[in-house]
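**Q**
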Amino acid sequence: MANVTDISSAAKGSLFSTPGTPSHSYFTYLVLAVTSYALLVNFLRFRLVKWMHARYNYPTRESFAHMTDDDAWAIQKTMLEQEFPFFYLKSLQFALFRTYGIPSISKVLVDTAQFSKPDTSLKRYADTVVLIQEFVGNAPSSTRARTSIARTRWMHKGYRASGKILEDDMLYTLALFAVQPVRFLKKYEWRSATDLEQCAIGTFWKSIGDNLNISYDALPSGKKGFKDGLHWLEEVMAWSDEYEATCMVPHIKNRQTADQTTEVLLYMVPEAFKHVGLKFVSYMMDDRLRKAMMYDPPPAAYARFFSILLTVRQFAMRYLALPRPYLLRYKTFTDPDGHGRIFSTDWDAAPYYAKPSLRNRWGPVAWLTWAFGRPLPGDEGSKYYPQGYYIPDVGPKYFEGRGRKELDQITKELESSLNYKMLVGNFARESLQGLYSSYL
1 MANVTDISSA AKGSLFSTPG TPSHSYFTYL VLAVTSYALL VNFLRFRLVK
51 WMHARYNYPT RESFAHMTDD DAWAIQKTML EQEFPFFYLK SLQFALFRTY
101 GIPSISKVLV DTAQFSKPDT SLKRYADTVV LIQEFVGNAP SSTRARTSIA
151 RTRWMHKGYR ASGKILEDDM LYTLALFAVQ PVRFLKKYEW RSATDLEQCA
201 IGTFWKSIGD NLNISYDALP SGKKGFKDGL HWLEEVMAWS DEYEATCMVP
251 HIKNRQTADQ TTEVLLYMVP EAFKHVGLKF VSYMMDDRLR KAMMYDPPPA
301 AYARFFSILL TVRQFAMRYL ALPRPYLLRY KTFTDPDGHG RIFSTDWDAA
351 PYYAKPSLRN RWGPVAWLTW AFGRPLPGDE GSKYYPQGYY IPDVGPKYFE
401 GRGRKELDQI TKELESSLNY KMLVGNFARE SLQGLYSSYL
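Residues in the sequence shown are numbered consecutively from 1, following full-length UniProt numbering.
1. Measuring CB to CB, does Phe306 end up less than 7 Å from Phe280?
2. Does the distance from the CB of Ala321 to the CB of Val236 come in under 7 Å?
3. How do the stretch 348 to 355 and the stretch 373 to 389 stand: do at least 3 beta-carbon pairs fall below 8 Å, yes or no?
4. Run through the stretch 43 to 115 for me and flag every whole beta strand (DSSP E) of 3 or more residues, listed as ranges in chain order.
5. Enumerate in chain order the residues of its own chain whose CB-to-CB distance from Asp169 is below 7 Å, with the five nearest sequence positions on each side excluded.
6. Between Pro375 and Pro351, which are expected to be in contact by the criterion C-beta below 8 Å, what is the C-beta distance as a whole number of angstroms?
7. In angstroms with no decimal places, state the Cα-to-Cα distance between Pro392 and Ser148.
8. Can you list, in chain order, the residues of its chain with a C-beta nearer than 7 Å to that of Phe427? Leave out the 5 residues immediately preceding and following it.
9. Using the rule of at least 16 other Cβ atoms within 10 Å of the residue's Cβ for burial, across every protein chain shown, is Glu81 buried or exposed?
10. Determine the direct distance from the alpha carbon of Ser63 to that of Leu230, and round the result to whole angstroms.
11. Where do the ends of the alpha helix (DSSP H) carrying residue 445 lie?
12. For the alpha helix (DSSP H) that Ser162 lies in, which residues bound it at each end?
13. Helix or strand or just coil, what does DSSP make of Phe333?
14. Express the C-alpha separation of Ile308 and Pro298 in angstroms, rounding to a whole number.
15. DSSP three-state call for Tyr398: helix, strand or coil?
16. Between the stretch 402 to 413 and the stretch 138 to 152, are three or more C-beta pairs nearer than 8 Å?
17. Under 8 Å: do the stretch 150 to 161 and the stretch 204 to 221 share three or more Cβ pairs, one atom per stretch?
18. For the pair the stretch 70 to 89 and the stretch 131 to 145, tell me if three or more CB-CB distances fall below 8 Å.
19. Taking the alpha carbon of Gly403 as the point to measure from, which residue in Lys157, Gly137, Leu89 and Leu40 has its own alpha carbon closest?
20. Give the secondary structure of Ala11 by DSSP, where H, G and I count as helix, E and B as strand, and everything else as coil.
21. Distance, Cα to Cα, Tyr243 vs Glu263?
22. Determine the contact status of Tyr100 and Ala258, defining contact as a CB-CB distance below 7 Å.
23. Measuring CB atoms only, is the stretch 43 to 52 touching the stretch 24 to 31, in the sense that at least three cross pairs come out at less than 8 Å?
24. Would you kindly work out how many angstroms separate the C-alpha atoms of Thr120 and Ala95, rounded to a whole number?
25. By a C-beta neighbour count over all protein chains shown, 10 Å radius and 16 as the cutoff for buried, is Glu83 buried or exposed?
26. Cβ atoms of Trp205 and Asp184: under 7 Å apart, would you say?
27. How about Ser91 and Glu167: do their beta carbons lie closer than 7 Å?
28. Put Ser344 into one of helix, strand or coil per three-state DSSP.
29. With 16 as the cutoff for other CB atoms within 10 Å, does Val34 come out buried or exposed?
30. On the DSSP bridge list, what partners appear for Tyr389?
31. Taking all protein chains shown into account, decide if Val110 is buried (16 or more other Cβ within 10 angstroms of its Cβ) or exposed.
32. Using a 10 Å radius around the Cβ and a threshold of 16 neighbouring Cβ atoms, would you call Gly363 buried or exposed?
33. Kindly indicate which residue of Pro377, Ser207, Val41 and Ile165 has the alpha-carbon position closest to the one of Ser417.
34. Using the Cα positions of Leu219 and Leu171, report the straight-line distance between them to the nearest angstrom.
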């Protein structure tokens, strides 16, 4: 009888451990699901960049010279909206932040009180973001892009003419908006930018510099012309590093501007965790910038934690995250309403230019904002411009409603320049200028 019991128990144990039982089936399904998902991610992860290379037919370095501004803009826009929305945006924010390590730049901001005082820094930051997002988010041939560039150029005109804003500082600021994305993607994202993407970045931002009347004479090929956008990017990258080595030095006004800008960047971080946010901002700086802004480096334990966190994110984005579909692309503004006013759909700090819609006032993010004691779109009357923005009025309060005549003149000039580029090509014009300079 005992033998029968043992045999029966053994049979049950054998039966329970067979591959067809639920425990083995669940494990097998799990392995198959994880493997299938990883293969799917690997299959889809590079489809968008392959599509860009096929869609924008610039297969060789020689062909880069023929890249149009609109193609360059479209490639960069895809990178920002779908491929790398988080760190591409952060790279532009830190590009602006990095300029405050140059005393001649931070001095202007402190003297005008735009970025050095709490009551103006939030509005100044929002206005800067709005103007940049308008010419980054709209095609160079569009009216919105031309108007935002014209507005930017008009607001800087007086400061440049008086010598308060140095021309080298203008070139340096422009350079960072092109250089920082390339470096951020290489360091923090799941892949680096390809040569085509780097050429697009260079072509786009060089065009912005042309439209802002920024001189490239400080660059080695500034007078004879550049072969293509990648050539411009390579030279401006090297030049900006040299400029920092000479001009990025410690100064109290750097610290004043950095402190207030950090408050803007950490606006939504609860007070209990703000010290961690400050250490993270310091971690994201290199030694040169940190010294220039007179910040202490983060403790070693925090630095290791931040490094691990960013490495884990990088791995997860490459091997575990599906690519962002076009329908979920990152967008920061709306189309103009019937009055020509535009609303911001994403904001980092105070809700300037955000529409007091049902979602913005009662959605999950709104409840979180309310819990942190921060204002919502539509709060405090007209303080945060709940009616949206009108591009010709964007800027400090004392600039609103001013410069309309000059704005129209600059816009027409930009349109003529665009037509000329379309006629002779972007870098073909560079070659013609170089030949003319050599002849002289």
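Virtual Cβ for every residue (Gly too), placed ideally from N, Cα, C. As the structure is a prediction and not an experimental result, all values here were calculated from the model.
**A** Looking at the atomic coordinates:
1. Taking 7 Å as the Cβ cut-off, Phe306 and Phe280 qualify as a contacting pair.
2. no
3. With the cut-off at 8 Å, the stretch 348 to 355 and the stretch 373 to 389 touch.
4. none
5. Ile102, Ser104 and Ile105
6. 6 Å
7. 7 Å
8. Ala65, Phe226, Lys227 and Asp228
9. buried
10. As the crow flies, the alpha-carbon of Leu230 is around 11 Å from that of Ser63.
11. Look at the range of the chain in this structure, 1 to 440, and you will see that residue 445 is not part of it.
12. Thr143 to Ser162
13. strand
14. 14 Å
15. Look at Tyr398 here: in three-state DSSP terms it is helix.
16. yes
17. Contact between the stretch 150 to 161 and the stretch 204 to 221 is present: three or more C-beta pairs spanning the two stretches fall below 8 Å.
18. yes
19. It is Lys157 whose Cα lies nearest to the Cα of Gly403.
20. With a pLDDT of only 45 at Ala11, under the threshold of 50, the placement of this residue in the model should not be trusted, and no figure is reported.
21. 27 Å
22. Yes.
23. By the C-beta criterion, the stretch 43 to 52 is judged not to be in contact with the stretch 24 to 31, since fewer than 3 inter-stretch pairs fall below 8 Å.
24. 20 Å
25. buried
26. Residue 184 is actually Phe in this sequence, not Asp. With a cutoff of 7 Å on beta-carbon distance, Phe184 and Trp205 are scored as not near each other.
27. Taking 7 Å as the Cβ cut-off, Ser91 and Glu167 do not qualify as a contacting pair.
28. strand
29. exposed
30. Ile342
31. buried
32. exposed
33. Ser207
34. Looking at the backbone, the Cα of Leu219 and that of Leu171 are separated by about 10 Å.
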